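Report on the following structure.
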Amino acid sequence: MVSPILELTDINKSFGHVQANKNINLKINKGTIHGIIGENGAGKSTLMSIVFGLYQANSGSIKINGKEINLRSPRDSIINGIGMVHQHFMLVENFTVLENIILGFEGETVFGEKLQKAKEDLEKLCQTYNFNIDLDATISDLSVGFRQRVEILKSLYRGAEILILDEPTGVLTPQEVDELFKILRSLKDEGKTIVLITHKLIEIMDLTSEVSVMRQGEMVGHTKTEDTSKEQLAEMMVGRSVLLRVDKKEIKKGETIFKVNNLSVKDDLDVTRVKDVNLEICSGEILGIAGVTGNGQTELLEALSGIRKVESGSIELFGEKISDHNNFLNPRMLKEKGLAHVPEDRQRMGLISDFKAHENLIFGYHDQEPYSKSAILNNKEITEYSNKVMQEYDVRPNSPNLITSNFSGGNQQKIILSRELNENPKVLLVGQPTRGVDIGAIEFIHQRLIDMRDKGAAILLASVELDEILSLSDRIIVMFDGKIVGEKENKNVTDRELGLLMAGVA
Amino acid sequence: MSNLVVDKSKVPWWVSNVIVPLVNLTLALLVSGLFIFIAGENPIEAVKLIIYGSFGYIQGFAYTLYYTTNFIFTGLAFAVAFHCRLFNIGGEGQAYIGGLGVFLVAINLSFLPIPIVWLLSICGAFLFGAAWAYIPAYLQSKRGSHVVITTIMFNFIASSLMIFLLVDVIRDTNQMAPHTVKLPEEIWLPSFEAFSGILGIKIRYSPLNLTFLLAIASLFFVWFLVWKTKWGYEMRAVGHNTQAAIYAGISPHKNIIIAMCISGGLAGLLGVNEILGVSHKIQAGFPAGYGFTGIAVALMGRNHPIGILPAAFLFGILYQGGSEVTFEMPNITRYMFVAVQGLIILFSGALENLFRPQIESFFVRRLNREVNA
């Protein structure tokens, strides 16, 4: 067995309370293309940023060619022969290719002989790997595919033996992907080692010889690519941990109260993220949306809750059109009509972390009686109400005057949930209700959602936690690439089945 | 550095809101003392003169409060916009235009009962100031033009506009200087010496007038608006987290405009003090930098009325005491006190966090020790 060129042992890294990497062990052999797959947020990019010296691990060791090294900055990594091509390129747009490549690596001078020498070296490199780049072209004139090549060339010129590519195909056209793969294969043939981070199974199967799977900050498996299949990898990626079963009564389905017709939605960058989605929710039903992060769930929820404009199609509440391309009701009007929304990202959207807890408990309902009368906030009522719900939802500490950022994630989520459920909404949109929430709070939150359902609310639940979808939903739809790729009654559905749908395989 | 990471929730409010500003202020004054020393004067004597000039005799104290009045208005103006995270540095121009509002209302409606003239003139000042802030606010909310850029440009536009008006349109045509006619004497706001006359004390002229009470009322108004009404709540929500505000159905556009208009209106009230209270006519350049100094007042006062009052008072002392010093000490020019103000802004604004971690961790450790003991 050849000794690995890169070896990671027990790498741990946390950001605040979130542990992004837990006891990661990884061996990468020389001259291979090694794939690392996992969902968004599984910790792949964090791990590779540690290897590249952008972050420092909290503990653990990194060995290159059997020698333990200490990477404190990208400079250390470059010296040790590690290069990284980021998802977002780090190029100076109005510099030429040559200038970008020697930037920060100029030595004593960027003029005369040295520059000429650099240029010759680079031309040789370009020929070896068939890069086909004009070194004097300005970056802003180059297509994305070529910019990526410049990044690769930059790493190679700096002596990279290990090349890390973070989601390299995300921004490329299919033809560009083919070209990139050709280059990567020829690099491998020349003895370079390549680490490919991706969440696309097809690329792994196409290109790699070994693959490691990450899930929720942990390394869940290593295997040779030839010994595995897309299905198996999908299963490992999505994972199967112990199901949190919730006691749930038989469904008492009422009439359809929320309806989405041929909905398409664009994101801020004008990319269509929700494509022609149709769905219906009845009262007394929980409809779960499963899917890997970034497949349109966020934009769908935002459109349904009146935050994001609808591109085409329409949304109906109690048979009344509340949103289409030309007009939409804003969130406050929707609240009055009985639609509540627990947003996916509580820090960014659900609360104002600098506000006091009681201010967040009325957020969005602050202009309604009894919290305010003729525009003046009624502090007495607000405090009474806050004390009441904080007790009811067991928010700890039970102090309405504490600044919200001082509460833990689970308690912040309870603040949002109590606020949104308090008005007994008819339709409830819920995104990632238990992300970053401790087990005790998860059970509590799940029970509350079930209670709402039993009271006859129509609930749309979007979650990347498959367990959560499976234990709560009555019906499940799977989103992939903005489309609904499957719909199932939640009876005898296996997570494997869903996992395949989520990965866009089936 | 790691021992300086302080858990914010454990820092008592009086440390971050009283001790830290006081330390910053002390540093600024120490450095100022150094400057005075270098200029060849005795800093201790200078401090004595400042205190005497601003507190030592009743007329001086009245001047101090007159300056304080102006700083309260411009400080509040900056603070209100800041709660919506808008840097309104156009207080100067808004005050200028506000002055136009007071004057136009007062001179055209002077036939009405006097208290009504006052009331309408105050409204005029507020509305004109608000209108001048509305344009940058609109551009910010609809077009994303940054208010820092637009408000500062609007200071220049206001200045040019007023010069044009003062030269060609509303100039007192009996003379050549760029100022208007005086308002009829019966609608002038009662001055401090008029009040003291009632009390039987005779003092010499000072510019302090009834507007001081309007300034105090404005402090209450802002406190109530920002913390007790749903408008203030919404403004703060937009300022802290625009995304969340949209989620809650709060319109950022609307609130940017409301915050800026209230801010501009408060700056406009400076015109009440200057025109209805003191000079009784519009003179070219009457805002005289109060609008800019208001930024420092708000920063020092941590954008809270309770902080703005002492900060405005401090700047009043510096203005009044400073002129006393320049009068008595030939080596200290007026500009030295501009430098002193600059130092205060530097230490309490730009370098606000210079010693904050040290001070906070010091107190947190101390308090912990007390708890454990």
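Taken in order, these protein sequences are the chains called S and L.
Residue numbers 1396 to 1901, in my numbering, belong to the letters of the first sequence in order.
Residue numbers 13 to 385, in my numbering, belong to the letters of the second sequence in order.
Positions of the beta carbon are idealized from the N, C-alpha and C atoms, including for glycine.
As the structure is a prediction and not an experimental result, all values here were calculated from the model.
At least one CB of chain S lies nearer than 8 angstroms to the CB of L/Q255. Among the bridge pairs identified by DSSP, S/L1560 is matched with S/V1480, S/L1591. No Cβ-Cβ contact shorter than 8 angstroms links S/F1713 with S/A1752. DSSP places S/D1846 in the helix class (H, G or I) of the three-state scheme. Residues of the stretch 1741-1753 of chain S whose Cβ lies closer than 8 angstroms to any Cβ of chain L, in chain order: R1743, M1744, G1745, L1746, I1747, S1748, D1749, F1750. When Cβ pairs closer than 8 angstroms are counted between the two stretches, the stretch 140-148 of chain L is seen to touch the stretch 268-286 of chain L, the count reaching three or more. With a 10 Å radius around the Cβ and a threshold of 16 neighbouring Cβ atoms, S/L1664 comes out exposed.
Residues of the stretch 1410-1424 of chain S with a C-beta less than 9 angstroms from any C-beta of chain L: none at all.
For the stretch 1430-1481 of chain S, the full-length beta strand (DSSP E) segments reaching 3 residues or more read 1454-1459, 1462-1464, 1477-1480 along the chain. Listed in chain order, the non-local C-beta contacts of L/A310 below 7 angstroms within the same chain comprise G87, F90, A91, F94, I320, local neighbours out to five positions each way being set aside. The residue among L/I287, L/C96, L/L231, L/F49 with its C-alpha nearest the C-alpha of L/Y245 is L/C96. Assigned with DSSP and collapsed to three states, S/E1515 falls in helix. In this structure, S/D1405 sits near S/S1454, with a CB-CB distance shorter than 8 angstroms.
Any Cβ of chain L closer than 8 angstroms to the Cβ of S/S1813 would place that residue at the interface, and such an atom is absent.
Among the residues of chain S, those whose CB is under 9 angstroms from the CB of L/W243 are A1770, following chain order.
Taking 7 angstroms as the upper bound on Cβ-Cβ separation, chain L lies near residues I1702, N1725, P1726, R1727 of the stretch 1702-1727 of chain S.
Using a Cβ-Cβ cut-off of 8 angstroms, S/K1730 is close to G261 of chain L, given in chain order. Annotated three-state conformation of L/A362 is helix, per DSSP. Closest in C-alpha terms to S/N1806, from the list S/V1832, S/D1642, S/K1821, S/V1822, comes S/V1832. Considered as a whole, the stretch 1667-1745 of chain S harbours 1692-1699, 1726-1731 as its complete alpha helix (DSSP H) runs of no fewer than 4 residues, in chain order. The stretch 327-345 of chain L and the stretch 99-106 of chain L do not touch, with fewer than 3 CB-CB distances between them shorter than 8 angstroms. When Cβ pairs closer than 8 angstroms are counted between the two stretches, the stretch 1848-1860 of chain S is seen to touch the stretch 1665-1679 of chain S, the count reaching three or more. Look at the beta carbons and you see the stretch 1754-1762 of chain S touching the stretch 245-256 of chain L: at least three pairs across the two are nearer than 8 angstroms. Take S/G1616, set aside five residues on each side of it, and the residues of its chain with a beta-carbon closer than 6 angstroms to its own are V1608, M1631, in chain order.
In terms of beta-carbon proximity, S/P1738 lines the interface with chain L, with at least one pair separated by less than 8 angstroms.
Interface with chain L (8 angstroms Cβ-Cβ cutoff): S/H1481 is excluded. DSSP, reduced to helix, strand and coil, places L/A118 within a helical segment of the structure shown. Remark: C-beta atoms of L/I294 and L/F115 approach each other more closely than 8 angstroms.
If you check the CB distance, S/Q1482 and S/D1536 do not come in under 8 angstroms.
Using a CB distance cut-off of 8 angstroms, L/A189 does not count as an interface residue toward chain S.
L/A93 does not reach chain S, its nearest Cβ partner there being about 17 angstroms away, counting only Cβ pairs nearer than 8 angstroms. At the C-beta level, L/A118 and L/I182 stay beyond 8 angstroms of one another.
One alpha carbon belongs to S/G1708, the other to S/N1657, and they sit about 5 angstroms apart. L/A249 and S/V1480 have their C-alpha atoms some 39 angstroms from each other. The criterion of a C-beta distance shorter than 8 angstroms is satisfied by S/I1810 and S/V1790.
Annotation: S/D1876 has no Cβ neighbours in chain L at a cutoff of 7 angstroms; minimum Cβ distance is about 25 angstroms.
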